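One structure is given here, and the rest of the page talks about it.
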Amino acid sequence: MNRDRGRIKWTAMMLTEHITRLRDWVGEDNHEEKPDIDEWTLHEFQRQLGIAYLAQCEIRVKTWRNGTFTDITGILNRMDDQMQLIYIADGLKVQKVSLNTVVGIETTNFD
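Take the position in the sequence shown, starting the count at 1, then add 3; the result is the number in the working numbering.
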């Protein structure tokens, strides 16, 4: 059986620049591009936000920031059209989300 340790056995011979470049390379592998949002999708986002605000149902907002996607779940508390922000209440805290980072909206628990 081959018990090769891969990169671990070579790290003692590497310079700090090599290690830095390897970490950057691994970070680039995890980077995801922001999907393009067309006009129809923006209208669907607006419709979902309107439903969530009027019905006070829970929504799940998928955001993209710095190459990674995150999900925020809660009740839509407030919308600020001028600043392009939405406020999502999750328990005791309220998160401020920029509409420029939103790539998906889904209403949940809607009756």
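Every residue gets a Cβ at the ideal spot worked out from N, C-alpha and C, and that includes glycine.
Note that the structure is a prediction, hence the values are computed from the model and not measured.
Cut-off 7 Å between Cβ atoms - residues of its own chain near residue i, not counting five sequence neighbours on either side
{"i": "Q87", "result": "S101, L102, N103"}
{"i": "N121", "result": "With the chain represented from 4 up to 114, any question about residue 121 goes unanswered, as that position is not in the structure."}
Close Cβ partners of residue i (< 6 Å) along its chain, the five nearest in sequence each way excluded
{"i": "R68", "result": "T104"}
{"i": "G70", "result": "H34, E35"}
{"i": "K37", "result": "W67"}
{"i": "T76", "result": "R63"}
Span of the beta strand (DSSP E) around residue i
{"i": "T104", "result": "That residue, T104, is in no beta strand (DSSP E); it is neither H nor E in DSSP."}
Candidates the options, of which the one nearest residue i by Cα
{"i": "D83", "options": "I75, Y56, L95, D74", "result": "Y56"}
CB contact flag (residue i, residue j, <8 Å)
{"i": "R122", "j": "E109", "result": "Outside the displayed range of the chain (4 to 114) lies residue 122, so it cannot be described from this structure."}
{"i": "T111", "j": "E47", "result": "no"}
{"i": "K65", "j": "G107", "result": "yes"}
- Run through the segment 9-96 for me and flag every whole alpha helix (DSSP H) of 4 or more residues, listed as ranges in chain order. 19-32, 42-58
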